[in-house]
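Participant: I am attaching a structure below and will ask some questions about it afterwards.
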Amino acid sequence: MYVMSKNNPTADREITTLIRRYQGLVYSVVYGITLDAAESWDLTQEVFLKACNTQGFTDEAFNQKAWLVKVARNDALKHRRSLKSRFRYLIRFCGFEDSSEARELEDRLIRREDIARLRELLEKLDDEGRQILTLRFSAGLSYQEIADEMQVKIGTVMSRLSRLKESLGLALQEEES
Amino acid sequence: MNQDDIRKGFQAIVDEAGTDERLARRITEKLTTCEKPVPVEALKTLLRYFIATMLPTALLHLALSSISLPLTGGVDLTTLAEQNTTLVWQSIDISANASLILLWFARGTLRAFSILLTFTFILAAAGMPVCQHHDTKGGLSCSA
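Those protein sequence lines, which keep their order, are chains Y and A.
Going by the numbering used here, the first residue of the first sequence is number 1, and it counts up by one from there.
Going by the numbering used here, the first residue of the second sequence is number 1, and it counts up by one from there.
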């Protein structure tokens, strides 16, 4: 278990830099799938804890972004499907669990019109649709990378996007960027 | 909504969360102090909430249980119920006694609430995130 300490300030600085660089990305990936601010708050922390316990995470050759996106997506999906998450939602709904810090961030997100509109859109989608849009537009993955990540064929990703376009009237461009 | 709007939406989330000092601090704190695997403070808070809710409920239930309503015809409801449940309903017109029905309903609701509260407490405690040690993953090049 990695524990930050004063013994190795260089390593700690590296970790802190990585946290600053990627915490927004990790949060957005989790939030895009769960649409739950408090869980995104917790899961973002968990993802970084896992990162620090992964061999070679701070190495230059290590693709931190890809790793973090993968773990964030997996954790978000696990959360969506777990019974535990439903109970935690109930607990928070009843006001038994304090998550005021997460709520503050959520309030800021809600106040932004572009995020509110995105949220409305994502609420209409199932897990698969959310994943595709999140990986595409938050993590900036290509269709092939999304297909690899979701372990489906690229054609499935493309057809899924076409269906989203039709059903939700999205103006998505087909070409790869 | 076009793809630029979606991209902007996600970028806005990245910006807001990416500049959130508290989130950064919480992550760092977890890395610094994640030595206790059990969230003791959170459990204590949960217990306090549980007791604060359960105690008034239990007292209210106790108070309601001590109330006994007089029934017409001097029928001893408890004795009658022990003998035969259906006899109770036949002997007196309980359904017409609004106070009695209300009292039973209140008691039942309180009991159900207590049970639900207990289950919620147990499940919430079980569902609390714990610090997991990943020793089997081999290590830490990000550590000293």
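From the three backbone atoms N, C-alpha and C, an ideal C-beta is built for every residue, glycine too.
Is there contact here, the stretch 46-58 of chain A with the stretch 103-121 of chain A, by at least three beta-carbon pairs under 8 Å?
Facilitator: yes
Participant: Does DSSP put A:G139 in a helix, a strand or coil?
Facilitator: Its pLDDT being 42, under 50, A:G139 is placed unreliably in this model, and the value from its coordinates should be taken loosely. In this structure, A:G139 counts as coil in the three-state DSSP scheme.
Participant: Taking 8 Å as the limit between beta carbons, can you name the residues of its chain near Y:I115, skipping five residues before and five after?
Facilitator: L109
Participant: Going by the beta-carbon positions, is the gap between Y:E43 and Y:V30 smaller than 7 Å?
Facilitator: The sequence given here places Leu at residue 43 of chain Y; Glu does not occur at that position. Remark: C-beta atoms of Y:L43 and Y:V30 approach each other more closely than 7 Å.
Participant: State yes or no: is the C-beta of A:R180 within less than 7 Å of the C-beta of Y:F87?
Facilitator: For chain A, the structure presents residues 1 to 144; residue 180 of chain A sits outside this window and is missing.
Participant: Between which residues of its own chain and Y:R160 is the CB-CB distance below 8 Å, once the five residues before and five after are set aside?
Facilitator: E128, G129, I132
Participant: Here's a check: name, in chain order, each residue in its chain whose Cβ is nearer than 7 Å to the Cβ of A:A124, leaving out the five neighbours to either side.
Facilitator: L46
Participant: Are any of the Cβ atoms in chain Y nearer than 7 Å to that of A:K30?
Facilitator: yes
Participant: Should Y:E176 be flagged as near chain A, meaning a C-beta pair shorter than 7 Å?
Facilitator: For Y:E176, the predicted model reports a pLDDT of 49, less than 50, meaning its position is unreliable and no value from the coordinates is stated.
Participant: State the Cα-Cα distance for the pair Y:K165 and Y:L125, rounded to the nearest angstrom.
Facilitator: 12 Å
Participant: Do you know how far the Cα of Y:Q151 is from the Cα of A:Q3?
Facilitator: 24 Å
Participant: Sorted by chain position, which residues of the same chain lie with C-beta nearer than 7 Å to A:H134's C-beta, five sequence neighbours on each side aside?
Facilitator: Reliability of the predicted coordinates at A:H134 is poor, the pLDDT of 47 falling under 50, and the value obtained from them is presented with this limitation in mind. Here the set comprises nothing.
Participant: List the whole-angstrom C-beta distance separating Y:K65 from Y:Y22, where the pair is believed to meet the contact cut-off of C-beta under 8 Å.
Facilitator: 7 Å
Participant: Following the continuous alpha helix (DSSP H) through A:F113, name the residue where it begins and the one where it ends.
Facilitator: 98-126
Participant: For chain A, is any of its Cβ atoms less than 7 Å away from the one on Y:F93?
Facilitator: no
Participant: For A:A112 and chain Y, any beta-carbon pair shorter than 7 Å?
Facilitator: no
Participant: Is it right to say A:L62 is buried, meaning 16 or more other beta carbons lie within 10 angstroms of its own, or is it exposed?
Facilitator: exposed
Participant: Going by beta-carbon coordinates alone, are A:A145 and Y:Y27 separated by less than 7 Å?
Facilitator: In the structure as shown, chain A begins at 1 and stops at 144. Residue 145 of chain A is therefore absent and cannot be evaluated.
Participant: Taking only three categories from DSSP, how would you classify Y:C52?
Facilitator: helix
Participant: DSSP state of Y:A72, grouped into three classes?
Facilitator: Helix at Y:A72.
Participant: Quick one: which residues of the stretch 107-119 of chain Y get their C-beta closer than 7 Å to a C-beta of chain A? List them in chain order.
Facilitator: R108, L109, R112, D114, I115, R117, L118
Participant: For the stretch 71-89 of chain Y, list every residue whose C-beta sits within 7 Å of some C-beta in chain A, in sequence order.
Facilitator: Within the stretch 71-89 of chain Y, contact with chain A at the beta-carbon level (separation under 7 Å) is assigned to K84, F87, R88.
Participant: Hey, could you find the ends of the alpha helix (DSSP H) A:K44 is sitting in?
Facilitator: That run of the alpha helix (DSSP H) goes 40-65.
Participant: Can you tell me the Cα-Cα spacing of A:L140 and Y:Q55, whole angstroms?
Facilitator: Unreliable placement is indicated for A:L140, whose pLDDT of 44 sits below 50; the coordinate value is still reported in the next sentence. Looking at the two C-alpha atoms, the distance is approximately 5 Å.
Participant: So if I threshold CB-CB distances at 9 Å, which residues from the stretch 38-52 of chain A count as touching chain Y?
Facilitator: Here the close residues are A42, T45, L46, Y49, F50.
Participant: Mapping DSSP to helix, strand and coil, what is Y:K61?
Facilitator: The residue asked about is misnamed: residue 61 of chain Y is Ala in this sequence, not Lys. Coil, per DSSP.
Participant: Could you check whether Y:I19 and Y:T134 sit closer than 7 Å to each other, using their CB atoms as the reference points?
Facilitator: no
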